[in-house]
Structure formats: C-alpha cells, structure tokens
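Using UniProt numbering, you'd call the opening residue of the sequence shown number 5 and step up by one each time. Take a look at the structure below.
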Amino acid sequence: RTVYVNGEFVSEDQAHVSIFDRGFLMADGVYEVVSVLDAKLLDFPGHLARLKRSLEALEIANPLEDDEYLSVHRELVARNGITDGLVYLQVTRGNPGDRDFAYPAAETPQTVVMFTQAKPGLADAPAARTGWKVITTEDLRWHRRDIKTVQLLFPSMAKMEAKAKGADDAWLVEDGKVTEGTSNNAYIVKGGKIITRQLSHDILHGITRAAVLRFAREAQMQVEERSFTIEEAQDADEAFVTSASAFVMPVVEIDGASVGDGKVGHVATRLREIYLDESR
Ligand code: PDD
C-alpha cells in the first residue's frame with residue numbers, strides 16, 4: 005500500500021513518524037474518515053470542513069490547502085486501486101523533539117498522514133439486512149466530543165465490552181440519555197418521527213448525520229433533534245446509526261431487548277437507500 009506522510013507518497017513500510025510526535029505521546033491530533041464507493045469520495049467537502057473546525061478548536065495550524073487534501077485523497081485512491089473502502093487522514097501537533105505538556109513552538113510542523121483501507125462490497129454490508137445489536141454503557145469520554153480527536157481509548161473499550169457481550173456496538177449514555185455510538189450517531193424512530201440528539205459539545209457532528217437529516221426532511225419525513233433515554237429507544241419502532249463507514253445501519257436490539265418487531269426497519273432501510281443513491 006502507498007501511504008502519504010508529510011508531503012511524500014511512500015510504501016507503508018517506509019513511512020516513519022517520530023516517537024516524540026504529539027499524536028503518539030499525547031493523542032494530540034485530529035482525524036477524518038472519508039468513504040470511497042466506485043472509486044469516488046463521499047461527502048468530501050463536509051469532512052474537510054469538520055477537519056478545519058477540529059484543528060481550530062485545538063489551535064493546531066492547518067498544514068495543507070483544501071485542494072492539497074483533495075488531491076492526496078484522489079492520488080491514494082488511484083495508486084492503491086481502491087474501488088470501495090475509505091481514506092483515513094490524521095493531523096497531529098507534530099514532533100517537538102521531546103516530551104512536554106506545553107504545546108511546542110508555533111513553527112513546529114504538523115504531522116500529516118493519510119492512508120487507504122480497501123473494503124470490497126462496503127455498500128452491500130450483510131449487516132444492513134440483519135441489523136446491529138447494541139449494548140449501552142456509561143459515556144466516560146471527555147466533554148469536547150465535537151472535536152474529532154485521535155483520543156479513542158474509551159470508544160475502543162466500549163467496543164470491546166459490546167463484543168464480549170455478543171453485540172456489534174455500544175451506545176454511550178450520559179445523565180440517562182444516549183449520546184451516540186462508539187463511532188456513529190444514534191437515532192430512534194417513533195410514530196414515523198426520526199429522533200436524534202441535538203448538536204452540542206456532547207457528540208460528534210456527523211457528516212453523514214447532516215446528509216441523512218437533510219434527505220429525510222426533503223422526503224417530508226419528520227425529524228426531531230433531542231436526546232432520548234435507553235427505555236425510549238427500546239420502546240421505539242426502529243433504531244439506527246449513521247457514520248461515514250457504516251452509512252445508515254439499522255439497530256434491532258438494545259441491551260437484549262428487541263426494537264419494534266426486532267427486524268430491520270423501513271425508515272432506516274429507506275434512508276440507507278436514499279443516502280447511497282444521493283451521495284455517490
Ligand atoms: N467515526 N460519532 C463518533 C464518536 C464518531 O467517531 C463518528 C465517526 C461519528 C459519525 O460521523 P461521520 O458521519 O462524520 O462519519 C459519530 C468514524 C467513521 C471512525 O472513527 O471511523
């Protein structure tokens with residue numbers, strides 16, 4: 005695989021980042037994941053806009069121009085022959101040459117890494133026909149979840165807890181309300197209405213979320229942006245999650261309780277079709 009590191013395209017075994025990199029020592033960096041279908045990037049402008057917001061929120065200078073991010077994405081997709089898959093992008097505060105809590109001098113170059121992952125058949129994931137089972141667990145992440153940082157230990161722990169319990173993912177819960185999934189935004193459907201948590205510092209502002217809600221409103225579906233409890237979710241007609249890599253994924257079970265009739269819902273299925281049709 006060819007990867008991109010700090011201005012160069014190199015083979016993955018030739019790619020190097022310093023052990024003093026702030027991303028490695030402090031999780032001081034941000035990332036984005038852009039899906040690729042039929043060799044085309046999905047929602048690229050939205051992901052780029054969010055990358056810039058994340059960098060700004062952490063006062064990390066933006067190392068590249070918009071068209072440079074785009075051309076590196078395209079070049080990697082082409083060089084690695086990616087039809088279906090994703091492009092991962094990470095920017096860290098760089099390598100100060102030593103370990104220190106204080107940020108390094110402003111002129112310290114940021115570290116920029118991009119690589120592809122091939123995911124054949126990404127849009128036809130069999131799970132979209134059977135749905136995910138989720139567990140719930142307390143949301144112990146920090147309180148700036150709107151910044152897409154590489155600080156992903158807690159979501160990884162929650163994912164492992166879900167797997168240990170035979171589930172596909174975990175919904176994180178704070179003050180009795182669902183915030184989001186480990187790496188996706190969470191929704192329920194009740195009486196035809198789509199309910200998903202309002203935007204704030206509590207959740208990541210999903211690019212797929214924005215697109216899906218826009219398509220839902222255009223299709224005259226009702227949308228309510230508010231938080232909901234686990235009980236309300238278990239009692240809903242349908243549930244689903246959205247993310248760049250899962251698109252719209254139905255959820256059929258929450259903590260062992262079937263959602264609705266326990267089958268993949270019509271609203272989730274329709275939104276998945278619309279999203280895949282409109283985005284590629
Ligand atoms: N995760 N919430 C969290 C905590 C996420 O990590 C993600 C994305 C989302 C959905 O955002 P978007 O629709 O922009 O992908 C919500 C990516 C896919 C990941 O970590 O792999």
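From the three backbone atoms N, C-alpha and C, an ideal C-beta is built for every residue, glycine too. All figures in this text were calculated on a predicted structure; none of them were measured in a lab.
- Per DSSP, the beta-bridge partners of Ser15 are Thr6.
- Three or more beta-carbon pairs drawn from the segment 122–140 and the segment 172–180 are found closer than 8 Å, and the two stretches are therefore classed as touching.
- Within the chosen limit of 7 Å, ligand 1 does not reach the beta carbon of Glu142 with any heavy atom.
- Here Asp241 is not near Val182, since their CB atoms are 8 Å or more apart.
- Residue state for Met225 is assigned as coil, using DSSP reduced to three classes.
- The C-beta distance from Gly98 to Arg26 rounds to 6 Å, short enough to fall under 8 Å.
- When beta bridges are read from the DSSP output, Lys181 appears opposite Glu178, Thr233.
- No Cβ-Cβ contact shorter than 8 Å links Asp47 with Ile207.
- Ligand 1 approaches Leu208 closely enough that one of its heavy atoms is under 7 Å from the residue's Cβ.
- Between Ser187 and Ala162, the alpha-carbon positions lie close to 10 Å from each other.
- Proximity of the segment 115–124 to the segment 256–271 falls short of the contact definition, fewer than three beta-carbon pairs being nearer than 8 Å.
- The three-state reading of DSSP puts Asp281 in helix, counting H, G and I together.
- Between Val14 and Gly89, the C-beta gap is not smaller than 8 Å, which leaves the two residues out of contact.
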